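Participant:
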Amino acid sequence: MEIIRKDQVYFADKDRHSGVFELFNLTDFPVRTNDNIRKAYLRKHCPAYVKGDSAATAEIAGHMDTAVQNGAWILRTVDGIPKLEDNDVRSQWLYQCGKTFTTVQEAIEFLESL
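Letter by letter, the sequence shown follows residues 9 to 122 of my numbering.
Okay, here's the thing in structure tokens:
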């Protein structure tokens, strides 16, 4: 199997009105990393956020109740999640499906129950 290089991949966009095609090379698009996505999300939802800034942290903390409710909903509705007794298997499963926040959710629920 031959692997295609980025400079060999093109996307075409056709203008509906004029019928003109515009070609875009895959190299025209920046590589997105998890870190880039996370920073963009923070800029969108909390533009004043600077790591360690108490005002921005307070703004984020203001949404704690909603985050806890959403996390609990995910835990109730996600299919195939291993039980708590299988902690290593569960952690690996959550990591692979991008739901590692659920372990934080469970920690919050545990601390609130004390």
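Cβ atoms here follow ideal geometry from the backbone N, Cα and C, with glycine treated the same way.
In this text the structure is predicted, and so the values were computed from the model without any measurement.
Please name the residue, chosen from A63, V58, V17 and M9, that lies closest to L34 on a Cα-to-Cα basis.
Facilitator: V17
Participant: Look at the alpha carbon of Q113 and the alpha carbon of V76, and state the distance between them as a whole number of angstroms.
Facilitator: Using only the alpha carbons, I get a separation of about 7 angstroms.
Participant: Quick one: is E117 near chain B, going by C-beta distance under 9 angstroms?
Facilitator: The question asks about chain B, but that chain is absent: this structure has only one protein chain.
Participant: So, are the CB atoms of A66 and V58 less than 9 angstroms apart?
Facilitator: Result no, Cβ atoms of A66 and V58 do not sit closer than 9 angstroms.
Participant: Mind pulling the beta strand (DSSP E) runs of 3 or more residues that sit fully within the region 24–58?
Facilitator: 29–33
Participant: Look at the alpha carbon of R84 and the alpha carbon of L50, and state the distance between them as a whole number of angstroms.
Facilitator: 26 angstroms
Participant: List the DSSP bridge partners of Y103.
Facilitator: Looking at the DSSP assignment, Y103 forms no beta bridge with any residue, so it has no partner.
Participant: For K91, which three-state DSSP category applies?
Facilitator: In this structure, K91 counts as coil in the three-state DSSP scheme.
Participant: Exposed or buried, which one is G79 when buried takes at least 16 other CB atoms within 10 Å?
Facilitator: buried
Participant: What residue range does the beta strand (DSSP E) around D15 cover?
Facilitator: Counting along the chain, no beta strand (DSSP E) covers D15, and no H or E run does either.
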